[in-house]
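My numbering applies: residue 232 is where the sequence shown begins, and numbers increase by one.
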Amino acid sequence: CGERGNEMIDVLTEFPQLVDPVTGGPLMNRTVLIANTSNMPVAAREASIYTGITIAEYYRDMGYDVALMADSTSRWAEAMREISSRLEEMPGEEGYPAYLSSRLSSFYERAGRVITLGGKIGSVTVIGAVSPPGGDFSEPVVQNTLRITKTFWALDSNLSQKRHFPAINWLESYSLYYDSLKEWFETNISVDWDRMRAEAMEILQKEAELQEIVQLVGADALPPDQQFLLEISRMLRETFLQQDSYHEVDEFHNLKRQFALLNAIIRFSRLGNDAIENGIEIDKLLKLESRSEISKVRYRKDFESKIASINESMAKEFKQLMGEA
232 CGERGNEMID VLTEFPQLVD PVTGGPLMNR TVLIANTSNM PVAAREASIY TGITIAEYYR
292 DMGYDVALMA DSTSRWAEAM REISSRLEEM PGEEGYPAYL SSRLSSFYER AGRVITLGGK
352 IGSVTVIGAV SPPGGDFSEP VVQNTLRITK TFWALDSNLS QKRHFPAINW LESYSLYYDS
412 LKEWFETNIS VDWDRMRAEA MEILQKEAEL QEIVQLVGAD ALPPDQQFLL EISRMLRETF
472 LQQDSYHEVD EFHNLKRQFA LLNAIIRFSR LGNDAIENGI EIDKLLKLES RSEISKVRYR
532 KDFESKIASI NESMAKEFKQ LMGEA
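Listed below in structure tokens is the structure:
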């Protein structure tokens, strides 16, 4: 919606080559594309948004689960601003029409899971891309979207420049559905899910707080426990949060495998902190075989057996270290 025509050409060129892992056929067989590039009339942008959500509802009513990607709702809002200006309507913040919020909410509220009159169950998941000028999150389209939606993925250009994909900032992103899903995770995945998640987030937040000090004086000036925390956060970033969509194994991990990987990293963190308190040097911890094995296990086809083996060897290595101390 309102993006460059070259991007649509790339989609039309690359999508037919993608294989649907479920059916084994071309992904295009299950894809509907609605193109409205930036050189088209502004009125067409609003039409393309509503056409897309209507087609999604059509397939939802047939009992399908539909994912709708709207790129970008910012261009739609800019089109509304231009049309509103031509109609000489009263402008709101930054020239956007006063009804911007209601238009956005009427679009997003059409997402959801339904039981149709025919008894079928279908759903529409709306993923709206917002591209504010200069990455300004205080911009009206961003703020109105955040008030409506309950899940936010903050894309970070710094992460993409570091070749960290998906480039989603873990400190700025959030989901307000977590409390509703917490019981499901604890029942179906692990009773430790919430505790592990909270511990991982705490490590990543502490790393962000230490980065300013590290940039000024270097990591070597930090005490051993903080140096170790930086290493654990790096393991979380590179092993757990990073993903290779071109690798046949790493392109998809179910929730149980994700938890097993997170559990191994947090377990290494706890054992390492205990070892540091008992006077073990951090260099010895970083040379442990289990640490390097954790970083490589996500690419293994025999993930389940390998992660169990890593946990066993990790316990033995730390027991040996503590014995030497």
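Glycine included, C-beta positions come from ideal geometry on N, C-alpha and C.
7 angstroms Cβ cutoff met for residue i and residue j
i, j, result
"N389", "L335", "no"
"R529", "D481", "yes"
"G350", "Y295", "no"
"E313", "V273", "yes"
"K437", "D425", "no"
"P328", "E319", "no"
"Y339", "V357", "yes"
"S464", "L435", "yes"
"L486", "I444", "no"
"I284", "R341", "yes"
"R544", "S521", "Note on residue identity: the sequence assigns Ser, not Arg, to residue 544. It is a contact, given that the beta carbons lie within the stated cut-off."
"Q474", "H395", "no"
"R488", "F534", "yes"
"I240", "V263", "no"
"P431", "L377", "As written in the sequence, residue 431 is Ala, which differs from the Pro given in the question. No."
"G359", "T304", "yes"
"V355", "R261", "no"
"C232", "S279", "yes"
Residue i versus the options, residue with shortest Cα-Cα distance
i, options, result
"E325", "V345, Y295, P364", "P364"
"N267", "D302, V250, P247", "D302"
"E288", "I346, R498, I240", "I346"
"I507", "M545, E535, P454, L492", "P454"
"D387", "V372, F368, G283, K381", "F368"
"E433", "T418, K515, S500", "S500"
"L243", "M553, T470, N504, L258", "L258"
"F549", "L519, S536, S523, R531", "L519"
"S406", "N400, D251, F383", "F383"
"E512", "Q458, A450, M427", "Q458"
"A429", "L447, G255, W401", "W401"
"L299", "S316, A275, F490, I265", "I265"
"A308", "S476, E479, V253, R276", "R276"
"P252", "E469, Y477, Q551, S523", "Y477"
"L348", "M293, S391, V297", "M293"
"S337", "V422, I379, F471, E469", "I379"
"E479", "M271, K532, E469", "K532"
"M427", "Q551, G256, F490", "F490"
"L517", "L460, T254, G366", "L460"
Pairwise C-alpha distance: residue j and residue i
i, j, result
"I306", "E403", "Here residue 306 turns out to be Arg, not Ile, going by the sequence shown. Cα-Cα distance, rounded: 23 angstroms."
"Q248", "G510", "56 angstroms"
"I538", "A439", "28 angstroms"
"R498", "L441", "22 angstroms"
"A398", "I496", "21 angstroms"
"A310", "G236", "17 angstroms"
"D514", "L493", "23 angstroms"
"M553", "V372", "56 angstroms"
"Y408", "K381", "7 angstroms"
"D505", "K547", "14 angstroms"
"I541", "D410", "32 angstroms"
"S333", "A385", "23 angstroms"
"Y330", "G449", "51 angstroms"
"H484", "E462", "23 angstroms"
"E234", "S523", "43 angstroms"
"S316", "S391", "37 angstroms"
"D423", "V297", "32 angstroms"
"T470", "S536", "18 angstroms"
Element boundaries [alpha helix (DSSP H), containing residue i]
i, result
"S476", "Taken as a continuous stretch (DSSP letters only), S476 belongs to no alpha helix (DSSP H), as it is neither H nor E."
"R488", "486 to 508"
"Q266", "Checking the displayed sequence, the identity of residue 266 turns out to be Ala instead of Gln. Segment: none, A266 is in no alpha helix (DSSP H) and carries neither H nor E."
"V242", "236 to 245"
"I513", "513 to 517"
"Y408", "From DSSP, Y408 is part of no alpha helix (DSSP H); its letter is neither H nor E."
Residue i, enclosing beta strand (DSSP E) - first and last residue
i, result
"V355", "352 to 360"
"V345", "343 to 346"
Please go through the region 273 to 341 and give each complete alpha helix (DSSP H) segment of 4 or more residues, from N-terminal end onward. 273 to 291, 304 to 317, 331 to 339
Every unbroken alpha helix (DSSP H) inside the region 364 to 388 [4 residues or more]: 371 to 379
In chain order, which continuous runs of the alpha helix (DSSP H) of length 4 or greater are located wholly inside the region 430 to 477? 455 to 466
In the region 523 to 555, which residue ranges form an unbroken alpha helix (DSSP H) of at least 4 residues, counting only runs that do not cross its ends? 534 to 555
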